[in-house]
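Going by my numbering, the sequence shown opens with residue -15, and the numbers climb by one from there. Cβ atoms here follow ideal geometry from the backbone N, Cα and C, with glycine treated the same way. Values in this document were obtained by computation on a predicted structure and should not be read as measured data. Input: a single structure, listed below in structure tokens.
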Amino acid sequence: ESARISRGEIAPLAALESDGFDAVVFPGGFGAMKNLSTYAFGEEEASIDVEVERVITEFHADKKPIGLCCIAPVLAAKVLEGSKVSVTVGSDDTSDEAWPYASTASMIDSFDGAKHVVKPLHEAHIDEANRVVTSAAYMCNAKPHEVYDSVGAMIDGVVKLA
């Protein structure tokens, strides 16, 4: 799918090595939960793709920034269990109709040592200790320009740490 969208040559994730890059970004979306993990299928003990886990673990060990937005912060929260990683998917208020996926925050908090941090859509959360930068993107009912700003805040945070 990536090659079709970018109209370019895409290398397999298995070829990604931390020593060749300053940072890594996982853009999220339903595909992140369906193709990079098994969370989209409602499994109680969902798993992360082994190459995604390897990449996140490698960049984390090398102290290189990891950016994730939308639903993708779940990946870092799960892979980095025990590291006291903090991430955001925006709101944790499940009664707020503007945030239909707010229950994701409690899933993040259920991982060993992971913590969800409430942030407004236009702000990214920067976990400086773990070098993880996250933002909500489409986790709420937002206009495209608001999502653009959210993703931009995440990218700005990644660049700041790189």
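For I92 and A30, what's the separation of their Cα atoms in angstroms? Annotation: I92 to A30 spans about 12 angstroms, alpha carbon to alpha carbon.
Give me the residue from T78, V58, S94, D77 with the minimum Cα distance to V71. The residue with the shortest Cα to Cα distance from V71 is V58.
Would you tell me roughly how many angstroms separate the C-alpha atoms of A16 and A137, rounded to the nearest one? Distance between the alpha carbons of A16 and A137 is about 20 angstroms.
Under 8 angstroms by Cβ, that's how I've got A146 and S134 pegged, so tell me the actual separation to the nearest angstrom. Contact flag wrong, Cβ pair sits at about 19 angstroms.
Are the beta-carbon atoms belonging to N152 and A82 less than 9 angstroms from one another? The displayed coordinates of the chain run from -15 to 146. Any statement about residue 152 would go beyond what the structure contains.
DSSP has G51 in a bridge; who is on the other side? Looking at the DSSP assignment, G51 forms a beta bridge with V9, V117.
According to the neighbour-count rule (16 or more other Cβ atoms, all chains shown, within 10 Å of its Cβ), is G4 buried or exposed? So G4 counts as exposed.
Within 10 angstroms of the Cβ of R115, are there 16 or more other Cβ atoms? Answer buried if so, exposed if not. Using a 10 angstroms sphere on the CB of R115, the tally of other CB atoms reaches 16 or more, which defines it as buried.
Measure the C-alpha to C-alpha separation of E(-7) and A(-1) and round it to an integer number of angstroms. Those two C-alpha atoms are separated by around 13 angstroms.
What is the DSSP secondary structure of K147, reduced to helix, strand or coil? Since the displayed the chain opens at -15 and closes at 146, residue 147 lies outside it and no answer follows.
Which stretch, first to last residue, makes up the alpha helix (DSSP H) that contains I40? Residue range 34 to 45 is occupied by the alpha helix (DSSP H) that includes I40.
Continuous beta strand (DSSP E) stretch holding D111: start and end: Run containing D111: 109 to 111, per the beta strand (DSSP E) assignment.
Can you have a look at F43 and say buried or exposed, based on whether 16 or more other CB atoms are within 10 angstroms of its CB? Classified as buried, F43 has 16 or more neighbouring CB atoms from the shown chains inside 10 Å of its CB.
Going straight from the alpha carbon of S(-10) to that of T78, what length do you get? In this model, S(-10) and T78 are separated by some 35 angstroms (Cα to Cα).
Within 10 Å of its beta-carbon, does G66 have 16 or more other beta-carbons around it, so buried, or fewer, so exposed? The residue is exposed, with fewer than 16 neighbouring Cβ atoms inside 10 Å.
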